[in-house]
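With my numbering, the residue at position 27 of the sequence shown is 399, and numbering never jumps. What follows is a short report on a single structure.
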Amino acid sequence: MNRREIRDRFLFALEVNEELEFKIGPYYWYLGPSSANEGYENKKGWITYQFYSDNIIYIPSEDPEVIMNTKIQGKSLLDHFIEFVENQ
């Protein structure tokens, strides 16, 4: 998959409210709609969280550009996702 196809996959997941998995360092992270997560059911936007951790980042937006460009450890979520897919 090339970078454009990976970006399209990311955008499609946002469009259909599908959860995405990626890795930051040694940890797996997930990105999903806030409405599908306990404590965020009534909030619009998305959350990203580290698997088996209380490390949760709420993104109060449904705009794909905002979500894709949200940064964790100096890189956008899209960049983390691209690296994850390319290294599989």
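Every residue, glycine too, gets a C-beta built ideally from N, C-alpha and C.
Item: Could you tell me if residue 453 is buried or exposed, where buried requires 16 or more neighbouring beta carbons within 10 angstroms of its beta carbon?; Value: buried
Item: Given a cut-off of 8 Å, decide if residue 404 and residue 391 are closer than it, judged by their beta-carbon atoms.; Value: yes
Item: Quickly, what does DSSP pair residue 394 with across the bridge? List them, please.; Value: 401
Item: Thinking C-beta only, is residue 419 closer than 8 Å to residue 409?; Value: yes
Item: What is the DSSP secondary structure of residue 407, counted as helix, strand or coil?; Value: helix
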